[in-house]
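Residue numbers for the sequence shown follow this note's numbering, so the first one is 738 and each next one is one higher.
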Amino acid sequence: MIEAIMSGVVATLFLDAWQRILRLAAGIPVSNWALVGRWFAHLPQGRMFHDPITEAKPVDHELAIGWIGHYVTGIAYGFIYLWVIRDLLGLEPTILNGLVFGAISVLVPWFFFMPAMGGGLLGRNTPNPPKACVLAFMTHCVFGVGLATGALVV
738 MIEAIMSGVV ATLFLDAWQR ILRLAAGIPV SNWALVGRWF AHLPQGRMFH DPITEAKPVD
798 HELAIGWIGH YVTGIAYGFI YLWVIRDLLG LEPTILNGLV FGAISVLVPW FFFMPAMGGG
858 LLGRNTPNPP KACVLAFMTH CVFGVGLATG ALVV
């Protein structure tokens with residue numbers, strides 16, 4: 738359990754650091770966790786898909802909700818990663834299988850979270866869909882390396 742939590746927290750820290758590096762190196766903005774918080778806050782009302790989330794009613798404390806949701810999601814991925822690697826595949830965590838897991842996990846934003854936030858499948862409603870997809874792919878690869886790193890440090 739501690740290993741899965743550490744895996745998810747480290748991976749999420751890797752993701753956050755990666756976004757800041759991209760912002761400094763290329764001017765790419767970091768994720769808006771307030772909008773993610775707004776998305777999470779609308780879930781109990783049965784609203785999963787927005788068109789777009791920026792038009793959904795703002796909620797109190799959406800930035801805090803977004804950050805908490807971001808890290809809880811990262812921890813959930815830590816549990817899933819270790820379950821897949823150990824229980825399904827019979828392997829131990831490595832940087833390589835973390836990278837592969839991260840690369841595969843990009844399917845979640847491409848086909849669920851981008852549409853849920855109003856960005857469309859594969860970001861087709863974003864200003865630059867190929868860029869949105871490539872950034873998501875790179876970020877999930879970094880995240881996957883973080884999952885393995887977090888599991889390996891325990």
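Beta carbons: idealized from backbone N, C-alpha and C, even for Gly.
Per DSSP, Gln-782 is not a residue of any alpha helix (DSSP H), being assigned neither H nor E.
With contacts defined by Cβ atoms closer than 8 Å, Gly-774 and Gly-745 do not form a contacting pair. Of all C-beta pairs linking the stretch 853-868 to the stretch 778-794, three or more are shorter than 8 Å, placing the two stretches in contact. Rounded to the nearest angstrom, the gap between the Cα atoms of Val-871 and Trp-755 is 14 Å. Counting along the chain, the unbroken alpha helix (DSSP H) around Ile-805 starts and ends at 799-819. When only Cα atoms are considered, Leu-889 and Ile-765 end up about 30 Å apart. If you check the CB distance, Gly-839 and Met-743 do not come in under 8 Å. Here Ile-802 really is in contact with Ala-778; their C-beta atoms are around 6 Å apart, less than 8 Å. The straight-line gap separating the alpha-carbon atoms of Ile-758 and Ala-873 is approximately 15 Å.
Thr-749 carries a helical assignment under DSSP once its states are collapsed to helix, strand and coil. Between Val-879 and Phe-751, the C-beta spacing is below 8 Å.
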